[in-house]
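Enquirer: Chain order of the listed sequences is A and B. For the record, in the first sequence the residue sitting at position 36 is 35 according to numbering that gives the first Met the number 0, with numbers rising by one throughout. For the record, in the second sequence the residue sitting at position 261 is 260 according to numbering that gives the first Met the number 0, with numbers rising by one throughout. Before anything else, here's the structure in question.
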Amino acid sequence: MTPSSLPQQNRSPAWANGIRKGLQMSWAWRVTWFYLIVMLFIPTIALFLRSLTLSPSEIWRIATSPTALSAYNVTFLTALAAGVINGFMGLIAAWVLVRYEFPFKRIIDAAIDLPFALPTAVAGLTLATVYSERGWIGSLLVPFGIKISFTRLGVLLAMLFISFPFIVRTVQPVLQEVEKEVEEAAWSLGATQVQTFWRVILPPLMPAVLTGVALGFARAVGEYGSVVIIASNIPFQDLIAPVLIFQRLEQYDYAGATVIGTVMLLISLLMLLAINLLQAWGRRYGN
Amino acid sequence: MAIDAPRKLDQAPPSKSSAQQTKSVDWLKVSLIAIVLLYLALILFIPAINVFVQAFGRGLGPFLHTFTERTFINAVRLTLIMAAISVPLNTLFGLCAAWAIARNKRFPGRALLISIIDLPFSVSPVVAGLMIVLLYGRNGWFGPFLEANNIKIIFAVPGMVLATMFVSLPFVAREVIPVLEEIGTEQEEAAKTLGATEWQTFWRVILPSIKWGVLYGVILTNARAMGEFGAVAVVSGNIVGRTQTLPLFVEEAYKQYNTPGAYTAAVLLACLAVVTMVSKALLEHRTSGRSRVGH
């Protein structure tokens, strides 16, 4: 057992060195850690520990109550639909912006960032007005019996708005690096346009598209401001999970808010992990 | 050059089919551009124009009238306070974190630390607000201590500042880390060998070369701090005239059927967004110019 005890002897001074280093940290590290601990770690741990003060059966009952289940359903399915639609539209938009020249292209390119910069309350307000029954676009849809504001379609619209730039901005740089010559080679070898698209253009873009969709999805799942204004926030219809947490807090139901908040936090952490894996995949593809 | 020659030879025979292709590509190009513009019009342009039309459509009267309302003035004031506190603090943190991370290339958990700093972007703002309520609220961890000392954080300005700081925490660090990594350590080391103190090195050598990255981060932090809604709504209690920022004012006015008021606040926030986007475009131009030189 000498081989195993030998490294252990070496490890203990290294560990002590680590502590000594920690005490001698530069001021930059100290500020960083202090800020992260106060602003991020303690609040996150507080949320987890708070939900652990409830009994497991209680947690399960709150987390899977019919209202909560329907809120997850509305949140995740709508966010997924928004992700898929924006996956297509974002890919086309990135393609158009990288490959084609047309008037006002630079302004349109810059305007893609609007959902990043526009406060969500404003987005919700103006979408709700434009798509209401008396609004510019909403009134055109009334004859077809389509209502958008104050329905689940409104939730979808708000999620489309806020997640769109994520896809465009992740695909654009990758598309810029794809060499046109590869496509030309495929054409000259007799591939049709459709074949060239599916076999040559799309594969290297896939990691970026999926990363963008995942980023947009994660953002849409957590979105509150624009959705709360455009939706009617009625349970089992268009109530999303973040609004449900808010309503629970308003009713001083801290246990309910904490459990559903923990579920949402765990899902965000999983999404963050998935996005990191997708990005690692994209980098490997790039090499 | 040598590779170019055979391709030119190859291109000669199928000239007819390539001409056909250009024609169909043009058609494809026009329809793709049309689809994108239509989609952007539906979800971005028409809603954006609507903000301005609704705010100024009935003349300047309702717009100016809202400016005289005390609740509105308070909301503007409080929004400025949010930015005035959280932007400098988050910039200080961002600079320290970027410095610490960019200058230590190898330590265990470096990648993890970078994703932890990004955490506020993936957490729902409502969950962020909830965390702050669970810490500083009446039944929270620090609740009894705060109550004993008569400090009010939840349903008051300090809690709203904490929520704003949480959601806008990553921007500066995120923008500055890549810039610091790119400029390398040579200049710093030169400054140190020439006898500069750490502080002098920072002000005279490092800051000038990262200033555009920092400014970019500050602009994004400011936009988020002034525009945050969800997290601030949870902790504020939305007390009219006391804990209402502009985004909260927008929602409240809309719910009270005070559409002119809602759109007056909305148009101010939309102008903030436009300023943010224009400065972003200008700065990207500058930073991309610099990075091209760097390569």
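Beta carbons: idealized from backbone N, C-alpha and C, even for Gly. From a predicted model like this one, the values you see are computed outputs, not experimental measurements.
If you draw a straight line from the alpha carbon of ALA217(A) to that of GLN278(A), how long is it in whole angstroms?
Expert: One C-alpha to the other measures close to 15 Å.
Enquirer: For VAL301(B), report the span of its alpha helix (DSSP H) as first-last.
Expert: Chain B is shown only over 0 to 294; residue 301(B) falls outside these bounds and no answer can be derived.
Enquirer: What are the start and end residues of the alpha helix (DSSP H) that includes TRP59(A)?
Expert: Taken as a continuous stretch (DSSP letters only), the alpha helix (DSSP H) holding TRP59(A) covers 55–62.
Enquirer: Can you check whether the CB of VAL126(B) is closer than 9 Å to the CB of GLY224(A)?
Expert: Cβ distance not < 9 Å, so GLY224(A) and VAL126(B) don't count as in contact.
Enquirer: My guess is that LEU179(B) and ILE153(B) are in contact by the Cβ rule of under 8 Å, so how many angstroms apart are they, rounded?
Expert: Their Cβ separation, rounded to whole angstroms, is 37 Å, which puts LEU179(B) and ILE153(B) out of contact at 8 Å.
Enquirer: Count the CB pairs spanning the segment 122–138 of chain B and the segment 240–247 of chain A that are closer than 8 Å, and state whether there are at least three.
Expert: The segment 122–138 of chain B, when compared against the segment 240–247 of chain A, does touch it at the 8 Å Cβ threshold.
Enquirer: When the distance is taken between beta carbons, is VAL234(B) closer than 9 Å to GLY158(B)?
Expert: Yes, the Cβ-Cβ distance between GLY158(B) and VAL234(B) is below 9 Å.
Enquirer: Under 9 Å, do LEU271(B) and ALA222(B) count as touching if we go by C-beta distance?
Expert: A contact, by the Cβ cut-off of 9 Å.
Enquirer: In this structure, how does DSSP classify GLN236(A) when only helix, strand and coil are distinguished?
Expert: In the structure shown, GLN236(A) sits in coil (DSSP, three-state: anything other than H, G, I, E or B).
Enquirer: In the DSSP assignment, the alpha helix (DSSP H) including GLN250(A) goes from what residue to what residue?
Expert: Where GLN250(A) is concerned, there is no enclosing alpha helix (DSSP H), given that its DSSP letter is neither H nor E.
Enquirer: Could you spell out where the alpha helix (DSSP H) holding VAL160(B) opens and where it closes?
Expert: Its alpha helix (DSSP H) spans residues 156–166.
Enquirer: I want to see whether chain A comes within less than 9 Å of VAL156(B), judged by CB atoms only; does it?
Expert: No, no contact with chain A.
Enquirer: Please list, in chain order, all residues of the same chain as ILE186(A) whose beta carbon is under 7 Å from its beta carbon, the five residues on each side excluded.
Expert: Checking the sequence shown, residue 186(A) turns out to be Trp, not Ile. Closer than 7 Å at the Cβ level, and outside the excluded window around TRP186(A), lie THR195.
Enquirer: With a Cβ-Cβ cutoff of 9 Å, do VAL226(A) and GLY153(A) count as a contact?
Expert: Yes, the pair counts as a contact, with Cβ atoms nearer than the cut-off.
Enquirer: How about ALA99(B) and ALA27(A): do their beta carbons lie closer than 9 Å?
Expert: Yes. Within cutoff.
Enquirer: Since LEU124(A) meets chain B, which of its residues come closer than 7 Å, beta carbon to beta carbon?
Expert: The contacting residues are VAL249, TYR253, ALA261 and ALA265.
Enquirer: Taking VAL116(B) and ALA172(B) to be in contact with their CB atoms under 8 Å, please state how far apart those CB atoms are, rounded to whole angstroms.
Expert: Rather than Val, the amino acid found at residue 116(B) in this sequence is Ile. About 5 Å; that satisfies the 8 Å criterion.
Enquirer: Using three-state DSSP, classify PHE66(B) as helix, strand or coil.
Expert: Three-state result, PHE66(B): helix.
Enquirer: Do you know offhand how far PRO164(A)'s Cα is from PRO114(A)'s?
Expert: For PRO164(A) and PRO114(A), the distance between alpha carbons rounds to 7 Å.
Enquirer: Cβ closer than 7 Å: which chain A residues qualify as neighbours of ALA222(B)?
Expert: ALA116, listed in chain order.
Enquirer: In the DSSP assignment, the alpha helix (DSSP H) including GLY134(A) goes from what residue to what residue?
Expert: From DSSP, GLY134(A) is part of no alpha helix (DSSP H); its letter is neither H nor E.
Enquirer: Could you work out which residue in ASN149(B), ALA264(B) and SER85(B) is closest to LEU168(B) when comparing CA atoms only?
Expert: For the residues ASN149(B), ALA264(B) and SER85(B), the minimum Cα distance to LEU168(B) belongs to SER85(B).
Enquirer: Quick one: what's got a C-beta closer than 6 Å to PHE248(B)'s C-beta in the same chain, skipping five residues either side?
Expert: So the list reads ALA74 and ALA264, once near-sequence residues are dropped.
Enquirer: Please state whether DSSP places TYR253(B) in a helix, a strand or coil.
Expert: If DSSP states are grouped into helix, strand and coil, TYR253(B) belongs with the helices.
Enquirer: Please go through the same chain and pick out, in chain order, the residues whose beta-carbon is closer than 7 Å to the beta-carbon of PHE235(A), but skip the five residues on each side of it.
Expert: Cβ neighbours of PHE235(A) beyond the five flanking positions: SER69.
Enquirer: Compare the Cα-Cα distances from TYR34(A) to each of ALA155(B), LEU41(B) and LEU161(B) and report the closest residue.
Expert: Nearest C-alpha to TYR34(A): LEU161(B).
Enquirer: Examine chain A for any beta-carbon lying closer than 9 Å to the beta-carbon of SER275(B), and answer yes or no.
Expert: The residue asked about is misnamed: residue 275(B) is Thr in this sequence, not Ser. At least one chain A Cβ lies under 9 Å of THR275(B).
Enquirer: Along the chain, where does the alpha helix (DSSP H) that runs through SER208(B) open and close?
Expert: Unbroken alpha helix (DSSP H) run through SER208(B): 206–226.
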